[in-house]
Structure formats: structure tokens, C-alpha cells
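**Q**
2 protein chains.
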Amino acid sequence: MTGSRAAAAQQEPAGRMPRVLVVDDEPQLVRALTINLRARKYRVDGAHDGATALQLAAARRPDVIVLDLGLPDMDGIEVIEGLRGWTRVPIIVLSARHTSDEKVDALDAGADDYVTKPFGMDEFLARLRAAVRRAAPADAEELVVRTDTFTVDLAAKKVGRDGADVRLTPTEWHVLEVLVRNAGRLVTQVQLLHEVWGPAYGTETNYLRVYMAQLRRKLERDPAYPRHLITEPGMGYRFER
Amino acid sequence: MTGSRAAAAQQEPAGRMPRVLVVDDEPQLVRALTINLRARKYRVDGAHDGATALQLAAARRPDVIVLDLGLPDMDGIEVIEGLRGWTRVPIIVLSARHTSDEKVDALDAGADDYVTKPFGMDEFLARLRAAVRRAAPADAEELVVRTDTFTVDLAAKKVGRDGADVRLTPTEWHVLEVLVRNAGRLVTQVQLLHEVWGPAYGTETNYLRVYMAQLRRKLERDPAYPRHLITEPGMGYRFER
DNA sequence: CGGGCTCGTCAAGGCCGCGTCAAGATCGCC
DNA sequence: GGCGATCTTGACGCGGCCTTGACGAGCCCG
């Protein structure tokens, strides 16, 4: 039991594929971290300066940000403050400077952790896991999508309508989930089939017809004239809130 | 500029007088930290061993716990696990050991930060502030969950029904705990198996069937029609209060 | 105007998953 | 070493879910 502890926790991040933003002006380090993190099933974005970092943080909504303080265009502290203006995403600071003041300033500006270079990859990854784990529930609260007719809670995997819960079968939920996660965007038939039934499927569009009909019957006010689960003839389906 | 920034943030903790639990077997260190923290308007409790630490953590409900790993009565990791069974309070580990494995194990067991002795007081205090700040809003978790039929006390690890205690086996409790901690949310079968039986398990859904039945028999008013321990066919289970 | 394609609807059948029960294996305590 | 509690494992029946096929309607294009 004691032995399996480390092995168990290390194997994979808790949620499915957390997103990491790595910010460092050394391309080498970004590359090394990216490779290491991708191998561990993280989705990784990289940035080489503060401006790009702030932009990517807003666009990609990472679950954790790894930030080097020595950036070419702005002070690292400013980046932290820029982020803390609108998000509580965990920030792990990397820095070559060991002085106490640096650490204190970064932490007080809103950083969550401070790792000095050079660092051990194992320890770094453990601190990353700790940061992601900690933030998990705060992030999960915002995953509720509402329409005028029904409500989809992606975290709880629950669908509500007129105050009561709507019962969905596993496949129904899976289809709905894919559509809602791509709200407003068109989802191809092949895309849906791959995601829900697996990569071996791609032509069984009749499955989709059946399940879209069931979803509409359960969720739409008038299933004959769907307002949220919309067919894009010849292409796929789209969820519109 | 840099100087004023640190001074501004350092002056006082964000909330009003956060409570700190300091756990270390060296009385000197406990005394030193206590004095330092009291001077900065923290309320401080001290403990010299793991058993006392767990007891005080439940009794005083600190906002952050500072934990030395080298305790006389139990392994530090066990203390972390004991705490994480019922609370998400930030844990900052202090340790004289520098090995990477120690850090990784502590962090993966649920610690939030790891500081190696000897450490600078400024940096330590900054990490403490970061931990308290981060946890501030997440404090809203409940330790006693009630339904119309039974009551689950996550801190005491006890279940009550009609005034009397209900006896649960360790595995029964573990399953219930995971479900209650995710109250309202769907918990996947794989998620439950990983959490209770370990990462090697993932397909043994018959375990779940057996234990869900036992829990329902002990807790539900009408086990044939469960109102709180609900099955989501094909997906998992959900605790609904 | 008609043919072909795509989409929506419905119903039936097979299969899988869940609940239940009970017996065997294992663990821990005295 | 024995005993009780707990965990594991297997069998069985049933309900519900997925699959599949047939059919009609709408649309585009020839």
C-alpha cells in the first residue's frame, strides 16, 4: 500500500488532460518541459514573453501556468499581477534567482509556488500535480451551460429541465457533452462518431440520427423545430444556447 | 518600488487572524514559529506528534497546517492522509530531508507545499500567506452532510441514522466518503474503483454493485428505491442529499 | 418533374449491466 | 490456532440500452 502510493498518484493527472501554459524566454527549457508534460498527458502551450503569455492565458484557459520571471518584455511580477486581475489559475514561478526578496515578492503578488532553477523534474511535476489538484474544484464550478429550456452541468454530468432532472442514457449524455463542449461551433458527424463510438466508426450516421432525435425529444420544447440541437445538413450538428 | 510592494503585502494576513497549526517534534522550532506568527497576528496552536496534530486539526479547524515529517509517533505521510480524509486545509510540509522522493511522496499524498530546513523566515511566511490566500474562498466545504434519513460526518468518520450510529466496514465507508465528497456530482465507476481499490482496478464493477447494495441496505429508507445513493446506468453513481 | 440522397421517426430484438444472494477466501483479533 | 468480521467471487434474472432495419418527408440536382 505504501509503495503503491507514489506510483498511483504519479501515473496521470486527475482530470482529463489538464492544460499547462509554459512561459520562459529560453526556447530550450520550453521545449524540454513541453516534451515532458506531453508525455504525461498534459496539453501544453508555450510562450516566450509576457505579452504572449497574458494573451494565451486568456485564450486557452490553462489549468496551471508555469512562469519564468526573467522575460524580455515585462517584469515577471507584472505578468503575475496582470493574471491575478481576472483569474485565480495556479501560477508556479520558475527562477534562477535564489534571493529571498524575489520569492517573497512573487508569492505576495499572487504566485502559488516558487521553484528555483536548476530543479529536479520529479519534484517539479509533483508541485505541478499539487497545484492542479488544488484548483480542480474551483474550476469545475463554471461548467454549467444554460439555455432557456434546459441546463447542462458538465461537472456533475446532470441535465435539468423545469427544475427536475432529466435522465439521459450514457450514449445520449456523451453525444450531448461533445456538442455542449463545442457550444456554438459545428461538430462534424465523423467527429461525433469518433468521440462517442470510437475511431473505428465514421459512417454510421444513422446512430446520430437516432440519438439526436432522442435528445431533442427530452430537451427541446418543440422537438420538431429544434432551437438548440441544430442540424447542419450534410455536415454535422451544432449546439446553440 | 520593489521594496514597497513587499512591505505592503507583508504587513498583515488577508483575512482576520487566520489560525495556524504548527506540528513539529522540536519544541524550539514550535516556539520560534509561534512567536513569529503571533507577532504577525496569526492565532497559533502547536502539536508535537501526529496524534495530537490530527486531534487539534479537527478541534481548532486551522486555516493552514505547518507539518514536520519527522514525528515520533507516526509517519508524516500518514498524517497528511489522515487529514486529507476529511479536509482540504492547506498543508505546508517542513522537512530536513532534501531527497526528491520525500518531496514527491508528501506532495502527492496531498501536501500543498514543501519547505526544506533550514529555511528563511521571510520566504516561509510568504508561502504561508500564499497558502492562506488561496484557501480563503474554498473554505465553504461542509464536514457534516445531512439527508432526511441519515447523517455523514466526514471529520469524525461516522454515520448516524435515527439518532444512533450506523456501523460501516472500512470499504463501505471509503465508498460512501468518495460519493459524499462529490455530493450532487456523478462519480464514474472507474473513478470509484481507483479511489477505493487502487489504480490497478478499473473493471471490477461487481465490487461496486455489492457495496452499493450494502450501503443502501444500511442507509436508505427503502433500499429497493434509493433516494440518495443513486445509480446512473452505464456511467456510475451519485450521492444526492 | 422525378430520382437519389439525407434526415427524422418508430419499433423490435439481442445483449449488456445492474441488483441480489450466498458461499468461499482472507484478514485480524483474541 | 480458532473464531468472527470483512472482502472477494460466482451465478442468475430482469430491465433497459444499443443496435438495426424499414419507411416517409424534404431537398438538391439532373
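First to last, the sequence lines map onto chains X and G. Take the first sequence: its letter number 59 is residue 59 in the working numbering, and every next letter is one higher. Take the second sequence: its letter number 75 is residue 75 in the working numbering, and every next letter is one higher. For glycine and all other residues, C-beta sits at the position ideal for the given N, C-alpha and C.
1. Alpha carbon to alpha carbon, how far is Arg88 (chain X) from Leu179 (chain G)?
2. Applying a beta-carbon distance threshold of less than 8 Å, which residues of chain G neighbour Arg129 (chain X)?
3. Tell me the rounded alpha-carbon separation between Thr52 (chain X) and Asp68 (chain G).
4. Measure from the C-beta of Pro13 (chain X) to each C-beta in chain G and report whether the shortest distance is under 9 Å.
5. Straight-line CA distance for Tyr207 (chain G) to Met235 (chain G)?
6. Residues in the same chain with beta-carbon distance under 6 Å from Leu54 (chain X), minus the five sequence neighbours each way, listed in chain order, please.
7. If you reduce the DSSP assignment to three classes, tell me which class Lys41 (chain X) lands in.
8. What residues from chain X crowd round Met212 (chain G), counting only those whose CB sits closer than 9 Å?
9. Just checking, does the region 102 to 119 of chain X make contact with the region 30 to 42 of chain X on the three C-beta pairs under 8 Å criterion?
10. State yes or no: is the beta carbon of Asp101 (chain G) nearer than 9 Å to at least one beta carbon in chain X?
11. Can you confirm whether Asp122 (chain G), when its beta carbon is compared against all beta carbons of chain X, has any partner nearer than 9 Å?
12. Compute the Euclidean distance between the alpha carbons of Leu168 (chain G) and Val159 (chain G), then round it to the nearest angstrom.
13. What's the C-alpha gap between Thr151 (chain X) and Leu176 (chain X)?
14. Going residue by residue through the region 148 to 213 of chain X, where are the continuous alpha helix (DSSP H) segments of at least 4 residues, counting only ones entirely within it?
15. Check each residue of the region 163 to 186 of chain G: if its Cβ is closer than 8 Å to any Cβ of chain X, include it; give the result in chain order.
16. For Arg43 (chain G) versus Pro72 (chain G), is the C-beta spacing smaller than 9 Å?
17. With DSSP run on the structure shown, which of helix, strand or coil describes Ala224 (chain X)?
18. Listed from N- to C-terminal order along the chain, which residues in the region 39 to 50 of chain G have their beta-carbon within a distance smaller than 9 Å of any beta-carbon of chain X?
19. In chain order, which alpha helix (DSSP H) runs of at least 4 residues are fully inside the region 89 to 146 of chain X?
20. Compute the distance between the beta-carbons of Pro90 (chain X) and Val64 (chain X), then report whether it is under 9 Å.
21. Among the residues of its own chain, which have a CB less than 8 Å from the CB of Ile230 (chain G), if the five just before and after it don't count?
22. Report all residues from its chain with a CB closer than 6 Å to the CB of Arg227 (chain G); omit the five preceding and five following residues, and keep chain order.
23. With 16 other CB atoms within 10 Å as the buried threshold, where does Gly198 (chain X) fall?
24. Are the Cβ atoms of Ala155 (chain G) and Ala47 (chain G) separated by less than 9 Å?
25. Give me the chain G residues within the contact set of Ala155 (chain X), using Cβ-Cβ distance strictly less than 7 Å, ordered along the chain.
26. Within 10 angstroms of the Cβ of Arg31 (chain G), are there 16 or more other Cβ atoms? Answer buried if so, exposed if not.
27. Quick check on Arg241 (chain G): does DSSP put it in helix, strand or coil?
28. Please confirm whether Glu232 (chain G) has its beta-carbon closer than 9 Å to some beta-carbon of chain X.
29. What's the gap between the Cα of Gln28 (chain X) and the Cα of Leu94 (chain X)?
30. In chain order, what residues of the same chain lie with their CB nearer than 6 Å to the CB of Lys218 (chain X), ignoring the 5 residues before and after it?
31. Taking C-alpha atoms, which residue in X:Asp222, X:Pro118, X:Arg40, X:Thr171 lies nearest to Val196 (chain X)?
32. Whole angstroms are fine: how far does the CA of Thr205 (chain X) sit from the CA of Leu251 (chain G)?
33. Buried or exposed: which applies to Ala109 (chain G), given that a residue is buried once 16 or more other Cβ atoms fall within 10 Å of its Cβ?
34. Per DSSP, Ile65 (chain G) forms a beta bridge with which residues?
35. What distance in whole Å lies between the Cβ atoms of Asp113 (chain G) and Ala135 (chain G), which are believed to be in contact at a cut-off of 8 Å?
36. For Trp86 (chain X), is the classification buried or exposed, using 16 other Cβ atoms within 10 angstroms of its Cβ as the cut-off for buried?
**A** This is what the structure holds:
1. 27 Å
2. Leu107, Asp108
3. 40 Å
4. Low per-residue confidence applies at Pro13 (chain X): pLDDT is 47, beneath 50, and the placement is therefore not dependable, though the value from the model is reported in the following sentence. Not one chain G Cβ lies under 9 Å of Pro13 (chain X).
5. 15 Å
6. Gly82
7. coil
8. Residues of chain X passing the Cβ test: none, with the nearest at roughly 17 Å.
9. no
10. yes
11. yes
12. 8 Å
13. 12 Å
14. 170 to 181, 189 to 197
15. Gly184, Arg185, Leu186
16. no
17. coil
18. none
19. 100 to 109, 121 to 140
20. yes
21. Tyr237, Arg238, Phe239, Glu240
22. none
23. exposed
24. no
25. Arg185
26. exposed
27. coil
28. yes
29. 14 Å
30. Val166
31. X:Thr171
32. It is not possible to answer for residue 251 (chain G), since the shown part of chain G is limited to 1 through 241.
33. buried
34. G:Leu21, G:Ile91
35. About 12 Å; that fails the 8 Å criterion.
36. exposed
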